[in-house]
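Notes to accompany the following structure.
Okay, here's the thing in structure tokens:
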């Protein structure tokens with residue numbers, strides 16, 4: 005408004021009020037003086053307000069000098085204010101102790117100024133009363149500040165503290181060292197002793213459950229962590245149990261466990277996990293849509309989630325993989341590239357799905373560049389790196405299978421399975437290879453095993469149903485020895501030996 009009409013008195017007064025509220029009394033005085041000079045019904049009031057603003061500006065300067073320890077300058081600045089006469093005298097003498105505190109060095113000159121500047125004892129008494137009132141007000145302010153400091157100190161003490169040392173920490177470190185050196189059984193035995201000695205140590209239980217699960221003893225791992233979410237469990241135990249559930253895809257259980265932790269006891273890590281759990285529950289909803297064949301609903305859900313991508317590289321990989329499954333490969337690749345450009349944070353396992361998406365999109369060079377990243381290799385174990393490289397192997401094997409080069413595809417898959425026999429993605433690729441080579445019986449054996457650990461989209465069940473709905477024809481049965489020869493490049497007997505070898509691998513698990 006001032007740009008169009010710089011002589012607008014109301015606008016100038018408004019700017020003065022804004023400056024006064026922000027503490028810029030000098031600017032407020034200038035704006036209000038300009039507004040008063042323009043005349044009008046409020047001219048006298050605005051001139052008085054300008055004088056008040058100037059008064060408080062000078063008072064603020066005196067207060068600042070006092071805070072800096074320059075008492076003489078503070079008194080010199082406050083002396084003209086205390087000598088002013090009229091209706092502001094009580095306010096001045098009330099304000100002078102405000103910036104000087106309740107000190108004798110400032111209170112006495114203020115009283116003398118009141119006596120000298122007023123001819124009436126009544127005015128002097130009013131001035132002294134205002135100083136006494138101001139002193140009591142300062143005391144009240146000090147009490148309020150003291151109470152506020154006490155409340156802040158108490159609230160800090162009541163905040164949940166992160167336990168940096170537990171009695172079983174040394175034993176946990178010993179178990180971790182044994183597990184890192186390859187002595188997993190010794191680490192498990194050590195942690196079992198630790199759990200019996202320290203049954204309330206949730207982190208000891210979590211370490212034991214993780215090692216038990218990696219060793220294939222999932223039932224004992226689950227029973228070990230069950231004690232962590234018993235009724236009356238501590239917030240730390242519930243958090244450890246929620247971590248274990250989230251690591252195994254139990255997002256609903258993790259949400260329930262985190263919901264049992266009181267809000268006042270939640271730490272930043274707990275809140276971050278809660279946010280990640282809610283995010284993955286949305287991914288589960290999208291997975292269910294894909295399993296039902298509702299790609300439109302899945303795509304809409306996933307695109308809405310891609311608008312605000314998560315920070316965790318593992319969660320970004322899941323989102324990108326589901327986007328690729330729904331048919332939106334472009335968005336999936338863009339999501340992966342943006343996450344990689346933001347820097348590497350995590351190990352190879354966290355980026356497994358991202359590598360898979362890049363391989364499926366035919367961007368094998370980008371996938372290899374990610375795998376050879378020095379920071380990723382430094383933070384990953386050889387097993388993790390070998391496992392993530394299997395994505396490239398599977399992609400190559402599927403490409404060879406589609407070309408009809410079954411022997412080369414078989415060699416690639418079997419070489420990878422020897423180093424990572426528990427990889428279900430390799431098993432699915434082998435089942436697809438058997439099925440393409442008309443070896444439906446062998447493919448059925450693989451699918452039957454995979455149904456015990458099926459994925460959310462029920463890929464194993466779908467593959468098994470495909471075999472049942474399409475029985476082998478007489479021509480296929482008659483050509484199966486030839487197909488076997490194509491797969492192994494040897495004789496039919498060699499092919500059956502290879503399939504038996506596959507059965508042995510499955511039966512061992």
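In my numbering, the protein residues as written are 5 to 513. Virtual Cβ for every residue (Gly too), placed ideally from N, Cα, C. Quantities reported herein were computed from a predicted structural model and do not represent experimental measurements.
Over the uninterrupted alpha helix (DSSP H) stretch that includes residue i, give me the two end residues.
i: residue 250; result: 239-251
i: residue 225; result: 222-230
i: residue 26; result: Here residue 26 belongs to no alpha helix (DSSP H), and DSSP marks it neither H nor E.
i: residue 275; result: 272-295
i: residue 216; result: 206-218
i: residue 426; result: Run containing residue 426: none; DSSP gives neither H nor E here.
i: residue 255; result: 255-263
i: residue 322; result: 317-329
i: residue 355; result: It is not in any alpha helix (DSSP H) - residue 355 carries neither H nor E in the DSSP assignment.
i: residue 4; result: The chain is shown from 5 up to 513; residue 4 falls before or after that span and cannot be answered.
i: residue 202; result: Premise fails: residue 202 is in no alpha helix (DSSP H) and is neither H nor E.
i: residue 398; result: 386-406
i: residue 342; result: 333-345
i: residue 409; result: Premise fails: residue 409 is in no alpha helix (DSSP H) and is neither H nor E.
i: residue 266; result: Segment: none, residue 266 is in no alpha helix (DSSP H) and carries neither H nor E.
i: residue 378; result: 378-382
i: residue 298; result: Residue 298 -> no alpha helix (DSSP H), and no H or E assigned at all.
i: residue 454; result: 444-454
i: residue 373; result: 368-375
i: residue 58; result: 47-71
Does residue i pass the burial test, meaning 16 or more other C-beta atoms within 10 Å, or should it be called exposed?
i: residue 272; result: exposed
i: residue 331; result: exposed
i: residue 96; result: Residue confidence is low: residue 96 scores 43 on pLDDT, short of 50, so the model does not pin down where it sits. Its coordinate-derived value is still stated next. Its Cβ being crowded by 16 or more others within 10 Å, residue 96 is buried.
i: residue 71; result: exposed
i: residue 360; result: buried
i: residue 464; result: buried
i: residue 25; result: exposed
i: residue 439; result: buried
i: residue 217; result: buried
i: residue 20; result: buried
i: residue 223; result: exposed
i: residue 408; result: exposed
i: residue 595; result: The chain is shown only over 5 to 513; residue 595 falls outside these bounds and no answer can be derived.
i: residue 13; result: buried
i: residue 442; result: buried
i: residue 108; result: Residue confidence is low: residue 108 scores 40 on pLDDT, short of 50, so the model does not pin down where it sits. No coordinate-derived value is stated.
i: residue 354; result: buried
i: residue 437; result: buried
i: residue 198; result: buried
i: residue 374; result: buried
i: residue 181; result: exposed
i: residue 406; result: exposed
i: residue 325; result: buried
i: residue 63; result: buried
Rounded C-beta distance between residue i and residue j? I'm assuming under 8 Å.
i: residue 327; j: residue 306; result: 5 Å
i: residue 384; j: residue 352; result: 4 Å
i: residue 365; j: residue 320; result: Not confirmed; about 15 Å, so no contact.
i: residue 191; j: residue 215; result: 6 Å
i: residue 281; j: residue 258; result: 5 Å
i: residue 205; j: residue 236; result: No, residue 205 and residue 236 are not in contact; Cβ-Cβ is about 16 Å, not under 8 Å.
i: residue 250; j: residue 277; result: 7 Å
Please tell me whether residue i and residue j are closer than 7 Å, where the distance is taken between their beta carbons.
i: residue 350; j: residue 317; result: yes
i: residue 32; j: residue 23; result: yes
i: residue 311; j: residue 302; result: no
i: residue 246; j: residue 229; result: no
i: residue 50; j: residue 57; result: no
i: residue 467; j: residue 435; result: yes
i: residue 243; j: residue 274; result: yes
i: residue 429; j: residue 398; result: yes
i: residue 380; j: residue 371; result: no
i: residue 454; j: residue 433; result: no
i: residue 210; j: residue 233; result: no
i: residue 423; j: residue 390; result: yes
i: residue 239; j: residue 269; result: yes
i: residue 337; j: residue 358; result: no
i: residue 322; j: residue 367; result: no
i: residue 404; j: residue 444; result: no
i: residue 431; j: residue 450; result: yes
i: residue 53; j: residue 42; result: no
i: residue 183; j: residue 195; result: no
i: residue 61; j: residue 30; result: yes
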